[in-house]
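For reference, the structure discussed in these notes is given below.
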Amino acid sequence: MAAANTSDILEREREILDLFKSQDITLSANRLCDFVTDFCTNSDWRKECIVYCNRAATIKEAEKRRKLSFKEFMDEVTSLLYDMMDLLESIKNELLNLCQAA
Amino acid sequence: MEALVTEANEVRSFINRDIHEAANKLLKLTNEYSSDLQLKKRALKVNWDLTRIEEENQSSDHLQNEIQDILNNILGKLETQPDDITDYRTRFEATRQFFIQHSHDKEKVFCGKGLSYQYGENDFALQPYDIDLYLGEITAVVGENSSGKSTLIKIIAGEHLAKSGELHYPLFTQSNGKHIDWRDVKENIAYIPQTLQPWAGKVKDYLHFSLAIKGIKGKQNVDEVEYIIHRLNLSEFQDKACHELSGGACMRVELARALIWKPKLLILDEPLANLDINAQAIFLRDLEQLASSHKNPVSVLITSQHLFEMENISHRTIFLKKNTTESASIGEVTYNGLTQDFGKNRQCNTFELSCKNSAEELRAVLLRHQINDFSNHGHYYLIKSGLNIDARALIKILSEANMEVSYFRDTSESTRTLFENI
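Quick note, the sequences are listed as chains A and B, same order.
Using numbering that gives the first Met the number 0, the letters of the first sequence correspond one by one to residues 0 to 101.
Using numbering that gives the first Met the number 0, the letters of the second sequence correspond one by one to residues 0 to 421.
Laid out in structure tokens, this is it:
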């Protein structure tokens with residue numbers, strides 16, 4: 000069942016954090032896209048999300064074709080998730096500031 | 000910041016007895032109380048490392064130390080910079096409250112009263128029904144073959160003209176229920192039929208074109224297409240033609256085409272029919288997430304034979320039943336309400352199961368527990384019990400009798416129980 004009230008921004012942030020924790024890069028990138036689309040007006044962030052979706056797809060494809068060793072794969076995943084965490088933190092800080100200003 | 004100290008102590012209390020829970024709570028704590036990104040990354044890494052060392056059967060002692068160290072860092076900051084942490088936490092809570100206050104009630108997209116349809120004088124007739132659709136909600140239309148599911152959604156999509164009743168689309172157009180400006184309505188409805196029409200050209204061009212005919216051109220068109228392609232993980236298909244794609248990929252392209260111009264109502268007729276299990280799961284997950292968008296919520300009306308999948312994602316369910324009389328066949332709505340409410344007033348519990356034991360052995364075990372409503376449906380047995388025996392109790396009974404169960408499903412709260420031969 001979908002959440003009845005999806006407007007609580009910090010719950011959405013926690014959902015993304017849980018996806019980071021489970022190292023699901025595709026879904027993490029997808030939900031980060033949704034998060035940015037729903038709560039931000041900064042179009043650069045949306046472009047950044049598209050880059051992350053692309054990176055996730057590339058990593059998955061490389062893994063499928065066995066082009067990466069396990070260590071290389073995990074390094075790529077970690078690097079991508081950390082980059083996404085940076086973006087998530089930037090968005091969160093801006094939202095905190097916006098709310099304070101409001 | 001007493002709350003932080005209390006939560007930190009709670010994390011500490013879990014370190015020795017359940018390190019997974021400690022790591023989980025630590026991540027939540029760093030997220031809510033700290034503005035230090037490095038600490039958050041360290042907390043995340045503890046969670047990843049825990050999974051890895053468990054797989055490799057290693058000791059987690061160093062992770063216990065790492066959790067302590069992260070906690071000490073946060074608490075150390077509380078001693079040196081108490082105002083910073085208090086300020087961060089206050090803003091965090093204020094943001095939460097802000098968005099809770101600004102969440103809006105679900106708006107009604109469609110309201111139908113007494114809608115009916117008749118194909119021919121002695122042909123199939125859909126009996127009058129009422130239906131309401133809300134933004135951000137998924138409404139599933141399920142039921143028997145030829146019971147009028149597609150007819151029902153075609154009336155709402157404006158593909159069929161209802162024989163009787165009133166239709167209102169309060170978000171799109173003002174109407175008295177009889178005379179509707181279909182141009183206004185159809186500009187806000189996306190309809191994906193059961194049989195997809197092949198399109199010409201590449202996926203990317205198809206999406207550009209679909210958006211252009213909705214009046215979105217130039218840079219915005221390019222940006223939106225790029226976004227939806229990546230959001231729905233279609234990048235590997237973007238330069239392919241329709242005939243080069245699988246059924247699942249085609250359906251996802253159609254979903255992209257339907258959602259790209261942000262309709263208010265999305266109507267899908269049997270979208271899961273040709274998809275394998277993985278493709279179904281991905282499709283439904285995307286549908287659920289995009290429908291409940293905060294900025295552009297969509298009301299989704301979907302028909303399907305996949306009862307369990309529908310019940311998992313839908314907020315409301317409409318069940319249609321086919322009745323055949325001497326003169327005609329009619330479709331009737333037998334359930335129309337919240338999915339979670341179905342089966343609340345049931346008289347019995349219903350289970351399906353398969354096991355390697357014989358029917359006689361199973362019957363004997365069940366009879367010992369006064370369960371005597373038992374029928375064989377070929378690949379599985381259907382069991383009806385009193386409300387005092389729930390799934391857990393039945394599994395316990397079967398387990399204690401050493402029954403070799405290969406399939407078990409509790410259908411007590413599923414519309415599956417409405418099918419006549421069940």
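Every residue, glycine too, gets a C-beta built ideally from N, C-alpha and C.
From a predicted model like this one, the values you see are computed outputs, not experimental measurements.
Distance between His61(B) and Glu75(A), taken at the CA atoms: about 24 Å. In terms of CA proximity to Ser326(B), Gly119(B) leads the group Ile227(B), Gly119(B), Phe171(B). Not one beta carbon of chain B lies nearer than 8 Å to the beta carbon of Phe69(A). In chain B, no part has a C-beta under 8 Å from the C-beta of Asp74(A); the shortest such distance is about 12 Å. For a cut-off of 8 Å, the C-beta gap from Arg41(B) to Glu65(B) is around 7 Å, short enough to register as a contact.
When Ser42(A), Cys98(A), Arg54(A), Arg64(A) are compared, the shortest CA-CA separation from Asp23(A) is found for Arg54(A). If you check each beta-carbon in the region 81-92 of chain A against every beta-carbon of chain B, the ones closer than 9 Å belong to Tyr81, Met84, Asp85, Glu88, Lys91, Asn92.
Taking the beta carbon of Tyr133(B) as reference, no residue of chain A falls within 9 Å; the closest one sits roughly 11 Å away. Spatial neighbours of Asp389(B) in its own chain (CB-CB distance under 7 Å, excluding positions within 5 residues in sequence) are listed in chain order as Asn348. Contact between Ile8(A) and Phe38(A) is confirmed by a C-beta separation of about 6 Å, below the 8 Å threshold.
In this structure, Ile396(B) lies away from Leu352(B), with their beta-carbon atoms at least 8 Å apart. If the five residues before and after Lys59(A) are omitted, its C-beta is found closer than 8 Å to the C-beta atoms of Ile24, Thr25, all from its own chain and listed in chain order. The C-alpha of Leu195(B) lies about 11 Å from the C-alpha of Leu267(B). In this structure, the CA atom of Arg182(B) is about 16 Å from the CA atom of Val108(B). Among the residues of chain B, those whose CB is under 7 Å from the CB of Arg45(A) are Tyr226, following chain order. Under the DSSP definition of a beta bridge, Tyr116(B) partners with Leu125(B). Shown here, His368(B) sits in coil according to DSSP, grouped into three states, outside any helix or strand. Residue range 60-79 is occupied by the alpha helix (DSSP H) that includes Asp60(B), with no beta strand (DSSP E) assigned at that position. When the alpha-carbon of Lys44(B) is set against those of Asn92(A), Lys91(A), Tyr81(A), Phe69(A), the nearest one is in Tyr81(A). The distance from the Cβ of Phe318(B) to that of Tyr334(B) is about 4 Å, consistent with a contact at the 8 Å cut-off. When the five nearest sequence neighbours on each side are left out, the beta carbons in the same chain lying within less than 6 Å of the beta carbon of Val297(B) are those of Leu265, Ala290, in order along the chain. Residue range 264-268 is occupied by the beta strand (DSSP E) that includes Asp268(B). Scanning Val404(B), Gly342(B), Ser59(B) for the CA closest to the CA of Asp17(B) turns up Ser59(B).
As DSSP reads the structure, His167(B) sits in a beta bridge with Cys110(B). Annotation for Gly342(B): Ser411, Glu412 place their beta carbon closer than 6 Å to its own, counting only its chain and skipping 5 residues before and after. Residue contact with chain A for Thr138(B): absent (no Cβ-Cβ distance below 8 Å to any residue of chain A). In the assembly as shown, Glu12(A) is a buried residue. Its beta-carbon has 16 or more other beta-carbons within 10 Å. Secondary structure remark: continuous alpha helix (DSSP H) runs of at least 4 residues inside the region 18-82 of chain A, in chain order: 24-38, 42-63. At the C-beta level, Tyr32(B) and Arg88(B) come within 8 Å of one another. Asn30(B) has its alpha-carbon roughly 12 Å from the corresponding atom of Glu10(A). If only uninterrupted beta strand (DSSP E) runs of at least 3 residues are considered, those enclosed by the region 302-353 of chain B are 315-323, 328-337. Residues of chain A with a Cβ closer than 8 Å to the Cβ of Thr85(B) do not exist, since the nearest Cβ in that chain sits about 14 Å away. By the C-beta density criterion, Ile259(B) is buried, having at least 16 other C-beta atoms within 10 angstroms.
Annotated as distal: Glu310(B) and Lys320(B), with beta-carbon spacing of 8 Å or more. For Glu359(B) and Leu366(B), the gap between their C-alpha atoms comes out near 10 Å. Shown here, Phe236(B) sits in a helix according to DSSP, grouped into three states.
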